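Asks: Chains as they are written, first to last, in the numbering used here: chain X, 2 to 231; chain D, 3 to 127.
We put the CB at the ideal spot given by N, CA and C, even for glycine.
It should be emphasised that the depicted structure is a prediction, and the values quoted were computed from it without experimental measurement.
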């Protein structure tokens, strides 16, 4: 219990101290029931296909390939910020070209993946991409495959830090702030992506309505972990 | 990693554009544009920060600071530095990835004969 409370305090302290030394991203640890369940699947079988949609992580590659699984990396949030994907709608507003995005990303065969790690992608991705992306994931996952996603609770503000996640043990994740050059900003001004929205439980259930089952794990750091079975 | 010193290997500067097959028996530093295939069986390839390589690469070790679009096969080691943007599958015994590097593709860690684990490391992250 002390471990959890220490980490909760570290989480809040880090939120207020981020400007102190932006060149050195802090690492925080948290227990994850969701990754614990994924680990049980990974430990029970060999040769599974894992799609990691977070920022590229050597930790994760080591964790998955060390257990004899195939690791695929695709940083979908960063890909979605490609200025070449922007088009104008009928009213002259800049919107993302969903069709082009799906032509350039998640190009895998149907039923290829046993595990998909979305991390916090749906909360930070542009609205128009979320549902089409989840639908594509449904197609490329095997029946019975696991999908893990993290959703902020309503206590989270728009400036909630966007983290990359490193698997650091059977149920331990290491979190590190994500920063990259955002569209329209100079490459030298790296920023953390902003939280786009907060899903409630009903929204989440609707998002994954085509999947077989959904399980929620409520954590103490304003995050719900959601484990979905295809 | 800086450009290699004179005499340590071949250097393709940033204004150079090459289309075709590249092979050799010395280390190669690419800071220009290469389109085709690169094969350096017993030597290393470094793609510099200005490098833009659209090629399948086979080498002993590969260090990427720039952009590479194609599959990478290294008999020993692959290193993606923080400015690396790699689209393609990577096959190697060891991989190091700096924070900020971008990789889109499959990573296949091939175990060394006689060794149980194949390490991947995260430097500076």
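From residue 99(X) to residue 131(X), what does the alpha carbon distance come to, in whole angstroms?
Replies: 10 Å
Asks: Could you check if residue 81(X) is buried or exposed, using at least 16 other CB atoms within 10 Å of its CB as the buried criterion?
Replies: buried
Asks: Leaving out five residues on either side along the sequence, give the residues of the same chain with a beta carbon under 8 Å from the beta carbon of residue 76(X).
Replies: 54, 55, 56, 57
Asks: Could you list which residues in chain D have their beta carbon closer than 9 Å to that of residue 76(X), in chain order?
Replies: 104, 105, 106
Asks: Is any heavy atom in the ligand ZN found nearer than 8 Å to the beta carbon of residue 72(D)?
Replies: The ligand ZN is not part of this structure, which contains no ligands at all.
Asks: Assuming residue 64(X) is part of the beta strand (DSSP E), what are its boundary residues?
Replies: Premise fails: residue 64(X) lies in the alpha helix (DSSP H), 59-67, not in any beta strand (DSSP E).
Asks: Mapping the DSSP letters down to three states, classify residue 109(X) as helix, strand or coil.
Replies: coil
Asks: Could you tell me whether any Cβ in chain X is nearer than 9 Å to the Cβ of residue 78(D)?
Replies: no
Asks: Can you give the Cα-Cα distance for residue 137(X) and residue 107(X), rounded to whole angstroms?
Replies: 7 Å
Asks: Spell out whether any CB of chain D is found under 9 Å from the CB atom of residue 181(X).
Replies: yes
Asks: What are the partner residues of residue 22(D), as DSSP defines its beta bridges?
Replies: Looking at the DSSP assignment, residue 22(D) forms a beta bridge with 38(D).
Asks: Does the beta carbon of residue 177(X) come closer than 9 Å to any beta carbon on chain A?
Replies: Given the protein chain composition of this structure (X and D), no chain A is represented.
Asks: By Cβ distance, which residues of its chain are closer than 7 Å to residue 119(X), with the 5 residues on each side in sequence left out?
Replies: Same-chain partners within the cutoff: 54, 148, 149, 150.
Asks: Taking any Cβ of chain D, which residues in the region 60-85 of chain X have a Cβ under 8 Å from it, in chain order?
Replies: 60, 62, 63, 66, 67, 71, 72, 73, 74, 75, 76, 79, 80
Asks: Can you give me the Cβ contacts of residue 105(X) inside the same chain, cut-off strictly under 6 Å, excluding the 5 residues immediately before and after it?
Replies: none
Asks: Ignore the nearest five residues each way along the sequence and tell me which others in residue 22(X)'s own chain have a CB closer than 8 Å to its CB.
Replies: Reliability fails at residue 22(X), whose pLDDT of 49 lies under 50, so the model's placement of it is uncertain and the value that follows must be treated cautiously. None.
Asks: Looking at the structure shown, is residue 70(X) part of a helix, part of a strand, or coil, going by DSSP?
Replies: The answer is coil: DSSP assigns residue 70(X) none of H, G, I, E or B.
Asks: Hey, is residue 193(X)'s beta-carbon within less than 9 Å of any beta-carbon in chain D?
Replies: no
Asks: State buried or exposed for residue 109(D), treating a residue as buried only when at least 16 other CB atoms are found within 10 Å of its CB.
Replies: Classification for residue 109(D): buried.
Asks: Can you tell me whether DSSP reads residue 131(X) as helix, strand or coil?
Replies: helix
Asks: Any idea what DSSP makes of residue 169(X), helix, strand or coil?
Replies: coil
Asks: Take residue 195(X) and list the residues in its own chain whose beta-carbon comes closer than 6 Å to its own, dropping the five residues that flank it on each side.
Replies: 159
Asks: I need the DSSP call for residue 148(X), collapsed to helix, strand or coil.
Replies: The three-state reading of DSSP puts residue 148(X) in strand, counting E and B together.
Asks: Could you tell me the distance, in whole angstroms, from the CA atom of residue 226(X) to the CA atom of residue 50(X)?
Replies: 21 Å
Asks: Can you tell me whether residue 108(D) is helix, strand or coil according to DSSP?
Replies: Reduced to three states, the DSSP call for residue 108(D) is strand.
Asks: Verify the CB distance criterion: does residue 70(D) have a CB-CB separation below 9 Å to chain X?
Replies: no
Asks: Can you find a CB in chain D that lies within less than 9 Å of the CB of residue 40(X)?
Replies: no
Asks: Helix, strand or coil for residue 161(X)? Go by DSSP, reduced to three states.
Replies: The answer is coil: DSSP assigns residue 161(X) none of H, G, I, E or B.
Asks: Beta carbon of residue 89(D), beta carbon of residue 80(D): below 9 Å?
Replies: no
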